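Residue numbers (my numbering): 391 to 557. Even glycine gets a Cβ: it sits at the ideal position worked out from N, Cα and C. All figures in this text were calculated on a predicted structure; none of them were measured in a lab.
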Amino acid sequence: MGLAMMIGAPALAQMEPAAPADCAATAAPPAEMAGWAGRTPLAAADGAKGLSKATLAVGQGIDAALRPTGEVRYVLRPEKPGGSVSHGGLFGFAIAEPGTYRVAIGSGAWIDVLKDGKAVTSSAHGHGPACTGIRKMVDFPLAPGRYVLQIAANGEPTLPLLLTRLP
């Protein structure tokens, strides 16, 4: 693989996925993503100090209330921060068991997972299952500890989101 391809791979991997297929009805997500169906509202933090009020539970989907980009103080500048009319925010979460964890969202927003202020390298990217409302999925290998999920460049002020452990 050429150097240019290796350097550009992380950015290419999170490019906006294709538009969802035409669906007559909403399909159920796979079993490991069942929390997508029972989402609850949660407001994103606008900076690290607000993370205690914006805590994700593994396996529980949320309808994230995001903030205008200009109000968000990211822990680490996102590779794709979004423009002045986009939305983003921060969420904290704790991992108890090592494994691969998936962040699933209902848009093409940018996703970063941080540990101790540094980005965790993702292990896989993909589109969500057809007709579930999941547009983008990014997997991360995580060890026990506390993390920050950064969302950037979302076109809307709300975002369906799920953090789940893969089997």
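**OP:** Report the option in Ala455, Ala486, Arg525, Ala434 whose CA atom is closest to the CA atom of Leu539.
**Re:** In the sequence shown, counting from the first residue as 1, residue 539 sits at position 149. The option with the nearest alpha carbon to Leu539 is Ala434.
Original post:
If you draw a straight line from the alpha carbon of Pro534 to that of Phe483, how long is it in whole angstroms?
Top reply: The count along the sequence shown starts at 1 and reaches residue 534 at position 144. The count along the sequence shown starts at 1 and reaches residue 483 at position 93. If you take the alpha carbons of Pro534 and Phe483, they lie about 11 Å apart.
**OP:** Over the uninterrupted beta strand (DSSP E) stretch that includes Ala494, give me the two end residues.
**Re:** Residue mapping note: residue 494 aligns to position 104 of the sequence shown, counting from 1. Looking at the DSSP string, the run of the beta strand (DSSP E) that includes Ala494 is 489–495.
**OP:** Compute the Euclidean distance between the alpha carbons of Gly346 and Cys521, then round it to the nearest angstrom.
**Re:** Outside the shown range of the chain, which is 391 to 557, sits residue 346, and nothing can be said about it.
Subject >> Exposure of Lys526, with buried meaning 16 or more beta-carbon neighbours within 10 Å >> reply: Residue mapping note: residue 526 aligns to position 136 of the sequence shown, counting from 1. Counting Cβ neighbours within 10 Å, Lys526 comes out buried, since at least 16 surround it.
Subject >> C-beta contact flag for Leu456 and Leu549 at 8 Å >> reply: Translated into the one-based positions of the sequence shown, residue 456 becomes position 66. Translated into the one-based positions of the sequence shown, residue 549 becomes position 159. Note that the C-beta distance between Leu456 and Leu549 is below 8 Å.
**OP:** Assign Gly425 to buried or exposed, taking buried as 16 or more other Cβ atoms, counted over all protein chains shown, within 10 Å of its Cβ.
**Re:** Against the sequence shown, residue 425 aligns to sequence position 35. Buried: at least 16 other Cβ atoms inside 10 Å.
Original post:
Is Ala438 closer than 8 Å to Leu480 when the C-beta atoms are compared?
Top reply: For this step, residue 480 is matched to residue 90 along the sequence shown. For this step, residue 438 is matched to residue 48 along the sequence shown. Result yes, Cβ atoms of Leu480 and Ala438 sit closer than 8 Å.
**OP:** Please say whether Ala427 and Ala421 have beta carbons closer to each other than 8 Å?
**Re:** As a first step, residue 421 is located in the sequence shown; it is residue number 31 there, counting from the start. As a first step, residue 427 is located in the sequence shown; it is residue number 37 there, counting from the start. Taking C-beta atoms as the reference points, Ala421 and Ala427 fail to come closer than 8 Å.
Original post:
Taking the alpha-carbon positions, what's the Pro400 to Tyr464 distance?
Top reply: The count along the sequence shown starts at 1 and reaches residue 400 at position 10. The count along the sequence shown starts at 1 and reaches residue 464 at position 74. With a pLDDT of 45 at Pro400, under the threshold of 50, the predicted position of this residue should be treated as unreliable, and no value is reported.
**OP:** Quick one: using the 10 Å Cβ neighbour count with 16 as the cut-off for buried, is His477 buried or exposed?
**Re:** Here residue 477 refers to the residue found at position 87 when the sequence shown is read from its first residue. Buried is the call here.
Original post:
Going along the chain, which residues of its own chain have a beta-carbon closer than 7 Å to the beta-carbon of Gly460, five neighbours each way excluded?
Top reply: Translated into positions along the sequence shown, residue 460 becomes position 70. The answer, listed in chain order, is Ser474.
Original post:
In whole angstroms, what is the alpha-carbon distance linking Pro410 and Ala499?
Top reply: Within the sequence shown, the letter at position 20 stands for residue 410. Within the sequence shown, the letter at position 109 stands for residue 499. Because the pLDDT at Pro410 is just 48, under 50, the model does not fix this residue reliably, and the value given afterwards should be weighed accordingly. The straight-line gap separating the alpha-carbon atoms of Pro410 and Ala499 is approximately 15 Å.
Original post:
What number of angstroms, rounded off, separates the C-alpha of Asp529 from the C-alpha of Pro557?
Top reply: Sequence index remark: in the sequence shown, residue 529 carries index 139 (1-based). Sequence index remark: in the sequence shown, residue 557 carries index 167 (1-based). So the alpha carbons of these two residues sit roughly 12 Å apart.
Subject >> Pairwise C-alpha distance: Glu469 and Ala514 >> reply: Residue 514 sits at position 124 when you count from the first residue of the sequence shown. Residue 469 sits at position 79 when you count from the first residue of the sequence shown. In a straight line, the C-alpha of Ala514 is about 17 Å away from that of Glu469.
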